[in-house]
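Numbering (the working numbering), first residue to last: 37 to 333.
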C-alpha cells in the first residue's frame, strides 16, 4: 500500500515539474524571443502597403494589408484563425454615425473659452437624447440584422463622448496650472540631486528608442511643388534630419513639376525582456520612483 502511495506522489511530482517547466519555458519565450515586425508601402497617385507582426517562428502572426480596403489576417501555427477582416467598413460606419450626430449640433459664434466650455458640456449632456432620436430614425431605414451593429456603434460613440467630456474638463484644469507645472519641471531638472536621474532617463530612453526602431529599412521620396521656391524650402528643412537617415532614405526634389511619390520597406524586432530591463533600471532610481508616484496621483 505504501509503495502505491509513493508511486502516485512520484507521478504527481513529475506532472508538477513538467507543468512548472512548461510555464518557465513560456515565460522565457515571452521575455526573450523577439516580436518581429516588417512592412512595406508605396504611393503613386494611390497608396498601398502591408505590415506584419510575428512571434516564435511564425507560431503567431498578424498581417495588415491596404490597397482599397484595410484588411487584417491572424494565423496561429500557420492556420488562419479568423477570416480577413475589413477594418475600413467598421471605421466608416462609426464615422457615419458620428457625422450624423454632429450634424445636429448647430455651430454658433462663441465669445470666450468659458462660453465654449459651457457650450460643449451642454451639447454633451444632450447626446443620449440625440442618439435615441437618431436610433428611431435608423430603425425605419435599416434591416433588422443591422440593429445589433447599430447598438454596438451607438454605445461606443456614447462612451467616446463620455470620455471626451472628462478629458475636456481635465484639459481645462490642466491649463490653469500649466505655468506652475512648467516651473516645477524646470526646478526639478535644474536641481543637483536630480541631475543623475535626468541623465539616467535620457540614457535609458535612448536605448529604448534604439531597440524599438527598425533595424533595416530603405525608402525613397520624390517631391515637388508648383512653386520651385517652396520645393527648395522643404529640401532645406529636410536637410536638418537627412544626415541621420541618408543611408536608408533617398530624397529626389523636382523643381519643374508638382509631384509626390514614395516607397519604402522596414524591418525590426522588439524583445519584451529588453524593454522591461530598461524600465527596471529606471525604477531602481529612488528619485524617479518618487517623481512617478507624484505624477500618477
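We treat Cβ as the ideally placed atom computed from N, Cα and C, and that holds for glycine.
Given the structure is predicted, the values throughout are model-derived calculations rather than measurements.
Item: May I ask you to verify whether the region 312 to 329 touches the region 97 to 117, counting CB pairs closer than 8 Å and requiring at least 3?; Value: no
Item: Return the CA-CA distance between residue 43 and residue 54, expressed in angstroms with no decimal places.; Value: 16 Å
Item: Given that a residue counts as buried once 16 or more other Cβ atoms are within 10 Å of its Cβ, and exposed if not, what is residue 260?; Value: buried
Item: Taking residue 301 as the reference, which of 253, 277, 266 and 263 has the closest Cα?; Value: 253
Item: Between the Cα of residue 75 and the Cα atoms of 110, 46, 90 and 242, which residue gives the shortest distance?; Value: 90
Item: Among 249, 265, 248 and 321, whose alpha-carbon lies nearest the alpha-carbon of residue 237?; Value: 321
Item: Using 8 Å as the threshold, is the region 308 to 318 in touch with the region 240 to 253, meaning 3 or more CB pairs across them?; Value: yes
Item: Given 8 Å as the limit, is there contact between the region 278 to 296 and the region 256 to 270, that is, 3 or more CB pairs closer than that?; Value: yes
Item: Along the chain, where does the alpha helix (DSSP H) that runs through residue 264 open and close?; Value: 264 to 274
Item: What first and last residue would you give for the beta strand (DSSP E) that runs through residue 74?; Value: 71 to 80
Item: Please state if the CB of residue 72 and the CB of residue 305 are separated by a distance shorter than 8 Å.; Value: yes
Item: What is the C-beta distance between residue 345 and residue 278, in whole angstroms, given that I count them as a contact (C-beta under 8 Å)?; Value: Nothing in the structure corresponds to residue 345, since the chain is present only between 37 and 333.
Item: Residues in the same chain with beta-carbon distance under 7 Å from residue 68, minus the five sequence neighbours each way, listed in chain order, please.; Value: 307 and 309
Item: Hey, would you say the C-beta of residue 306 is under 7 Å away from at least one heavy atom of the ligand MN?; Value: Although the ligand MN was asked about, the structure shown includes no ligands whatsoever.
Item: Starting from the C-beta of residue 88, find all residues in its chain whose C-beta is less than 8 Å away, skip the five residues before and the five after it, and write them out in chain order.; Value: 73, 74, 75, 97, 98, 99 and 100
Item: Could you tell me how far apart the beta carbons of residue 303 and residue 250 are, in whole angstroms, since I believe they sit closer than 8 Å?; Value: 6 Å
Item: From what residue to what residue does the alpha helix (DSSP H) around residue 61 run?; Value: 38 to 68
Item: With distances taken Cα to Cα, identify the nearest neighbour of residue 77 among 37, 298 and 285.; Value: 298
Item: Residue 100 lies in the beta strand (DSSP E); which residues open and close that run?; Value: 96 to 102
Item: Judging by CA-CA distance, which residue of 108, 114 and 63 is the nearest neighbour of residue 94?; Value: 114
Item: How long is the line joining the alpha carbons of residue 39 and residue 112, rounded to whole angstroms?; Value: 44 Å
Item: Can the beta-carbon of residue 284 be found closer than 8 Å to that of residue 315?; Value: no
Item: Between 270, 248 and 223, which has its C-alpha nearest residue 70's C-alpha?; Value: 248
Item: Hey, how far is the Cα of residue 269 from the Cα of residue 280?; Value: 19 Å
Item: Ends of the beta strand (DSSP E) at residue 252?; Value: 252 to 260
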